[in-house]
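K.L.:
Residue numbers (the numbering used here): 3 to 187.
1. What does the alpha-carbon distance come out to for the pair residue 209 and residue 167?
2. Using the C-alpha atoms, what's the distance from residue 130 back to residue 137?
3. Would you call the stretch 77–94 and the stretch 158–167 in contact, with 3 or more CB pairs under 8 Å?
4. Let me make sure I understand the geometry here. Which of 165, 149, 56 has the alpha-carbon closest to that of residue 120?
5. Provide the residue span of the alpha helix (DSSP H) that contains residue 74, from first to last.
6. Determine, using beta-carbon pairs with one atom in the stretch 141–156 and one in the stretch 67–85, whether at least three such pairs fall under 8 Å.
7. When you compare only the Cα positions, how much space is there between residue 9 and residue 163?
8. Is residue 138 helix, strand or coil by DSSP?
9. What residues match up with residue 153 in a beta bridge as DSSP calls it?
10. Tell me whether residue 66 is buried or exposed, calling it buried when 16 or more other Cβ atoms sit within 10 Å of its Cβ.
11. Considering only their Cβ atoms, is the gap separating residue 118 from residue 46 smaller than 8 Å?
12. Ends of the beta strand (DSSP E) at residue 95?
13. Just verifying my parser: in three-state terms, what is the DSSP assignment at residue 162?
14. According to DSSP, residue 50 sits in a beta bridge with which residue or residues?
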């Protein structure tokens, strides 16, 4: 996972996105949120969004699109794509995240959902299909968090998945947790 000279490195916080050229590496850290990477293999341009929720709860009104919401984050990436005279069918799409961050159901009350990760995953898949993207790779669901690194010069996405301890392992019994590290190209 070497980095080319002159490459800028962008770290996305939840709700942020970036679209750039071959001199860009984008990183993020995911829990229940979902990241979408889009890459144009011929032109070596692409982007990533890190959305927190599938869509806004109320009406958007005249507000600008907000990257915290999957549908609006993708809308922004599509604007960036079209500004470069590219079409969704020319891009490779990859989806990551949507992990359970607790080993047991937590929280209660009106409007509380401990299954937002499932909603985020479903929204990501639906958005990709509705805009004509083919999903080339995905690493979704399960327990734990993911570190994602997207190298726009190659289209490679490096993933480190660190699962939560299972109930049998206990929260602090010293059992080793081995992260999965792989390149999805």
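For every residue, glycine included, the Cβ atom is placed at its ideal position computed from N, Cα and C.
P.N.:
So, from the listed chains and residues:
1. Residue 209 falls outside the range modelled here, since the chain spans only 3 to 187, and no answer is possible.
2. The alpha-carbon separation between residue 137 and residue 130 amounts to approximately 7 Å.
3. Touching, no, given that fewer than three Cβ pairs across the two stretches are closer than 8 Å.
4. The shortest C-alpha separation from residue 120 is found at 56.
5. 72–85 is the extent of the alpha helix (DSSP H) around residue 74.
6. With contact defined as three or more Cβ pairs closer than 8 Å, the stretch 141–156 and the stretch 67–85 are not in contact.
7. So the alpha carbons of these two residues sit roughly 25 Å apart.
8. In the three-state scheme derived from DSSP, where H, G and I count as helix and E and B as strand, residue 138 is classed as strand.
9. BP columns for residue 153 point to 27.
10. So residue 66 ends up on the exposed side.
11. Not in contact: residue 46 and residue 118 (Cβ atoms no closer than 8 Å).
12. Start and end: 94–99.
13. Residue 162 falls in the strand class under three-state DSSP.
14. Its beta-bridge partners are 20, 39.
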